[in-house]
Amino acid sequence: FAEPAGKTFGSYTGKWWFSKNKSIAGSLGFVAAGFVSSVLFLLYFQYMSITLPILGNLDMISLSIRILIISIVSAAAELIPVGDDNINVPLFAAISSILIL
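Residue numbers (this note's numbering): 1009 to 1109.
Here it is, written out as C-alpha coordinates:
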(Lines of atoms letter the chains of each structure in order from A and count residues from 1; the text may use other names and numbers.)
(Lines give C-alpha, C1' and ligand atoms only; values in the text may rest on other atoms or scores of the structure.)
Protein backbone atom coordinates (compact mmCIF):
# COMPACT_ATOMS: atom_id res chain seq x y z
CA PHE A 1 0.00 0.00 0.00
CA ALA A 2 2.98 2.31 0.36
CA GLU A 3 3.68 2.47 -3.36
CA PRO A 4 0.09 3.17 -4.51
CA ALA A 5 -0.35 5.78 -1.77
CA GLY A 6 2.96 7.37 -2.68
CA LYS A 7 2.20 7.47 -6.39
CA THR A 8 -1.34 8.77 -5.87
CA PHE A 9 -0.79 11.31 -3.10
CA GLY A 10 2.99 11.83 -3.11
CA SER A 11 2.79 15.00 -5.17
CA TYR A 12 0.61 16.55 -2.44
CA THR A 13 2.79 15.59 0.52
CA GLY A 14 6.25 15.79 -0.98
CA LYS A 15 9.31 13.66 -0.30
CA TRP A 16 11.26 13.06 2.87
CA TRP A 17 14.27 15.40 3.06
CA PHE A 18 16.61 12.51 3.95
CA SER A 19 15.18 9.94 1.52
CA LYS A 20 14.41 11.66 -1.77
CA ASN A 21 12.85 8.61 -3.44
CA LYS A 22 10.29 8.03 -0.65
CA SER A 23 7.18 10.16 -0.21
CA ILE A 24 5.50 11.09 3.04
CA ALA A 25 2.20 9.80 1.62
CA GLY A 26 3.81 6.42 0.90
CA SER A 27 5.09 6.19 4.47
CA LEU A 28 1.66 7.10 5.84
CA GLY A 29 0.11 4.45 3.58
CA PHE A 30 2.63 1.93 4.92
CA VAL A 31 1.77 2.77 8.54
CA ALA A 32 -1.99 2.69 7.87
CA ALA A 33 -1.88 -0.65 6.04
CA GLY A 34 0.33 -2.27 8.66
CA PHE A 35 -1.75 -0.97 11.54
CA VAL A 36 -5.16 -1.82 10.08
CA SER A 37 -4.17 -5.32 8.93
CA SER A 38 -2.56 -6.15 12.28
CA VAL A 39 -5.56 -4.94 14.28
CA LEU A 40 -7.91 -6.89 12.01
CA PHE A 41 -5.88 -10.06 12.63
CA LEU A 42 -6.06 -9.47 16.38
CA LEU A 43 -9.82 -8.94 16.20
CA TYR A 44 -10.15 -12.16 14.21
CA PHE A 45 -8.06 -14.06 16.77
CA GLN A 46 -10.19 -12.61 19.54
CA TYR A 47 -13.39 -13.56 17.71
CA MET A 48 -12.12 -17.12 17.19
CA SER A 49 -10.98 -17.30 20.85
CA ILE A 50 -7.38 -17.86 19.79
CA THR A 51 -5.05 -16.86 22.58
CA LEU A 52 -1.57 -15.56 21.93
CA PRO A 53 0.54 -16.08 25.07
CA ILE A 54 3.10 -13.49 23.96
CA LEU A 55 0.47 -10.75 24.31
CA GLY A 56 -0.28 -11.52 27.93
CA ASN A 57 -3.34 -9.79 29.36
CA LEU A 58 -3.15 -6.58 27.34
CA ASP A 59 -6.46 -5.00 26.37
CA MET A 60 -7.24 -4.05 22.76
CA ILE A 61 -6.48 -0.34 23.28
CA SER A 62 -2.99 -1.08 24.66
CA LEU A 63 -2.34 -3.56 21.86
CA SER A 64 -3.51 -1.08 19.24
CA ILE A 65 -1.17 1.61 20.53
CA ARG A 66 1.74 -0.84 20.53
CA ILE A 67 0.86 -2.01 17.02
CA LEU A 68 0.80 1.60 15.85
CA ILE A 69 4.29 2.14 17.27
CA ILE A 70 5.55 -1.04 15.58
CA SER A 71 4.01 0.11 12.28
CA ILE A 72 5.76 3.48 12.59
CA VAL A 73 9.10 1.81 13.37
CA SER A 74 8.64 -0.48 10.36
CA ALA A 75 7.86 2.48 8.09
CA ALA A 76 10.98 4.23 9.38
CA ALA A 77 12.99 1.10 8.53
CA GLU A 78 11.73 1.35 4.96
CA LEU A 79 13.21 4.85 4.75
CA ILE A 80 16.73 3.65 5.56
CA PRO A 81 18.70 4.11 2.34
CA VAL A 82 21.12 1.29 3.21
CA GLY A 83 20.37 -2.34 2.47
CA ASP A 84 17.28 -4.03 1.13
CA ASP A 85 13.76 -3.06 2.25
CA ASN A 86 12.76 -6.72 2.09
CA ILE A 87 15.26 -7.44 4.86
CA ASN A 88 15.20 -4.18 6.84
CA VAL A 89 11.44 -3.94 7.31
CA PRO A 90 10.76 -7.49 8.64
CA LEU A 91 13.89 -7.32 10.79
CA PHE A 92 12.90 -4.02 12.40
CA ALA A 93 9.28 -5.21 12.74
CA ALA A 94 10.38 -8.39 14.51
CA ILE A 95 12.81 -6.61 16.84
CA SER A 96 10.34 -3.86 17.73
CA SER A 97 7.59 -6.45 18.28
CA ILE A 98 9.78 -8.37 20.70
CA LEU A 99 10.72 -5.19 22.57
CA ILE A 100 7.29 -3.52 22.58
CA LEU A 101 4.90 -6.44 22.98
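Glycine residues also receive a C-beta, built at the ideal position from the N, C-alpha and C atoms.
Cβ neighbour criterion (16 or more within 10 Å) applied to residue i
i	result
Lys1015	exposed
Ala1102	exposed
Lys1030	buried
Val1097	buried
Ile1062	exposed
Between the CA atoms of residue j and residue i - distance to the nearest angstrom
i	j	result
Thr1059	Val1047	15 Å
Tyr1055	Ile1069	16 Å
Ser1105	Arg1074	8 Å
Lys1023	Asn1065	40 Å
Phe1026	Ile1088	9 Å
Ile1071	Val1090	Strictly speaking, residue 1071 in this sequence is Leu, with Ile absent from that position. Cα-Cα distance, rounded: 30 Å.
Phe1009	Leu1076	16 Å
Ser1057	Phe1049	12 Å
Residues bridged to residue i (per DSSP)
i	result
Ser1045	Paired residue(s): none; Ser1045 is not in a bridge.
Lys1023	Ser1031
Same chain only: Cβ atoms within 6 Å of residue i, ignoring 5 sequence neighbours per side
i	result
Ser1079	Val1039, Gly1042 and Phe1043
Contact set for residue i: own chain, Cβ-Cβ below 7 Å, skip 5 residues either direction
i	result
Phe1017	Ala1033
Thr1021	Ser1031, Ile1032 and Ala1033
Leu1109	Ile1062, Leu1063 and Arg1074
Glu1011	Gly1034
Report yes or no: do the stretch 1083–1091 and the stretch 1030–1046 share at least 3 C-beta pairs separated by less than 8 Å? yes
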